[in-house]
Amino acid sequence: MLSDHKRLYIITGKGGVGKTALSLAFTKYLRSQGVKANYLNFTTANLEKPKSDIQEIIQAKKMGVPLTALNLYDCASGYVAKKLKSQTVAKFVVKTPFFKALISMIPGFNYTIYLGQALELLKEDSEQVFVLDSPSSGHAITMLEATKNFGEIFQAGSLFEDTQKMLSHIYSEGFTQINVLSLPILMAANEALELQEKLKTIAPIESKVICNNSFAGLEGVKDMELPNFLSKKLETEMLIKKEFGQEIESFIPHSLQNIDEDIVNDLVPYMDQLV
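Given below as C-alpha cells:
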C-alpha cells in the first residue's frame, strides 16, 4: 500500500492539457495502490441547481471511478446550518438575495466554501484522499488566494477562526500537493513554471510541473523514421528536457487510444509521477 501520499491533490493547468483524464487516471492509480481516493468535482460556481449533464461526472461514473461531486448550495447551507444549528433556517438564509449577492460580490468566496466542505469530509474520514479536477489555472489561484485573503480581511470572529483552521490544514506538511499540467511545448512549459512560481507566492504548498501528452515518452519512438512535423515535435521535447530538466521531472506519454476510458486506463501506469 502506498504510504507517502497526500490527502488533497489539486490538478491544475490551462485548458486542453488533459486535466480531467489525468485526474481520473490518478484516482484509479491511487485506488490500485490501496489508497481510498475519490475524484473530486465542484459542480457549480453559483447557488443554482447543478446540471445533470456535467461531462466530467458522467465520465467518472461510466469508468467506475469513485466520485465526490459537491454543489455550492448544499455546501453553503451545510456550513450555515452548522453555525446557526438549524438546517431549516440555513436553507432560508442561503436562498436570500443578500447571500446570493455575497457569493457574486466577493471573488473566490464560492471556492472557499467548497474547500471548507472538502476539508470537513477529509477530517471526518482520516483515510480519505481527494483528487480535485480544477477547471483552470485561474481557478486554483483564485481558490487559494480567496481563502488566504479571508483570513486577512476577517481578523476576528467565527469566519476568521474557520478560515485559519482551513489554512492550517492545507498548509500542513504532507497534506496538499498541486500538480501543474502542461503540454510539451516551450511556451506552455514556461507558462506552467510561471504558474508554479505564482502559486508559491500565495501558499506554502508542495507543487510539481508535469508535461502531459509527451511524444518522446512513447516506447521506441526515438529509433523511428518520422515525418518532419513529428521530428520537430520530438526535438522540442528534447529541448524542454534540456532547458527545464531541474524544474520539470515528469513526462506523461501520449496515449494512442481514441476512447476516453481507454485513454484513462492507458495513463494509469504512469500516474506514480503525480504522487
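Per the numbering used here, the very first residue in the sequence shown carries number 1; after that it's consecutive.
All residues carry an ideal CB built from backbone N, CA and C; glycine is no exception.
Contacting residues, own chain, Cβ-Cβ under 8 Å from K148 (five flanking each side not counted): Excluding sequence positions up to five before and after K148, its CB lies within less than 8 Å of the CB of L167, I202, A203, all in the same chain and listed in chain order.
Decide if L186 is buried, meaning its Cβ has at least 16 other Cβ atoms within 10 Å, or exposed. By the neighbour-count criterion, in which 16 or more other beta carbons inside 10 Å mark a residue as buried, L186 falls on the exposed side.
Is the beta carbon of F42 sitting closer than 8 Å to the one on L70? For F42 and L70, yes; Cβs fall inside 8 Å.
Look at L240 and C211 and say whether their C-beta atoms are less than 8 Å apart. It should be pointed out that residue 240 corresponds to Ile in this sequence rather than to Leu. Taking 8 Å as the cut-off, the beta carbon of I240 is found closer than this to the beta carbon of C211.
Tell me, to the nearest whole angstrom, how far the beta carbon of F175 is from that of L8; I am working on the premise that it is less than 8 Å. About 6 Å; that satisfies the 8 Å criterion.
Over the uninterrupted alpha helix (DSSP H) stretch that includes F99, give me the two end residues. F99 -> alpha helix (DSSP H) spans 97-105.
For the segment 77-95 against the segment 53-69, are there 3 or more C-beta pairs whose distance is under 8 Å? Segments in contact, no.
Per DSSP, A37 forms a beta bridge with which residues? Paired residues: V129.
Could you spell out the range, first to last residue, of the alpha helix (DSSP H) harbouring E56? Segment 55-63, the alpha helix (DSSP H) holding E56.
Give a yes or no on contact between the segment 25-34 and the segment 158-173, applying the rule of three or more CB pairs nearer than 8 Å. By the C-beta criterion, the segment 25-34 is judged not to be in contact with the segment 158-173, since fewer than 3 inter-stretch pairs fall below 8 Å.
Cβ neighbour criterion (16 or more within 10 Å) applied to S158: So S158 counts as exposed.
Would you call the CB atoms of V180 and G13 closer than 8 Å? Judged by their CB atoms, V180 and G13 are nearer to each other than the 8 Å cut-off.
May I have a chain-ordered list of the beta strand (DSSP E) segments no shorter than 3 residues that lie completely inside the segment 213-265? Entirely contained in the segment 213-265, the beta strand (DSSP E) runs reaching 3 residues are, in chain order, 250-253.
Where does the unbroken beta strand (DSSP E) through Q177 begin, and where does it stop? First-last of the beta strand (DSSP E) with Q177: 176-182.
If you draw a straight line from the alpha carbon of M280 to that of A216, how long is it in whole angstroms? Nothing about residue 280 can be reported from this structure: the residues present for the chain run from 1 to 275 only.
For the alpha helix (DSSP H) containing Y73, list its first residue and its last residue. Here the alpha helix (DSSP H) through Y73 covers 72-84.
Environment of M143 [buried if 16+ CB atoms lie within 10 Å]: Under this definition M143 is a buried residue.
Measure the alpha-carbon distance for F251 versus S86 and round it to whole angstroms. Taking the CA atoms as reference points, F251 sits about 50 Å from S86.
DSSP state of I185, grouped into three classes? Under the three-state reduction of DSSP output, I185 falls in the coil class, being neither helix nor strand.
Assign P97 to buried or exposed, taking buried as 16 or more other Cβ atoms, counted over all protein chains shown, within 10 Å of its Cβ. Its Cβ having fewer than 16 others within 10 Å, P97 is exposed.
State the Cα-Cα distance for the pair Q128 and K6, rounded to the nearest angstrom. Q128 and K6: Cα-Cα distance of roughly 10 Å.
Length of the line joining the Cα atoms of H278 and L226: Residue coverage of the chain in this structure runs from 1 to 275, which leaves residue 278 outside it and unanswerable.
Roughly how many angstroms separate the alpha carbons of T112 and L119, rounded to a whole number? Each residue's alpha carbon lies about 10 Å from the other.
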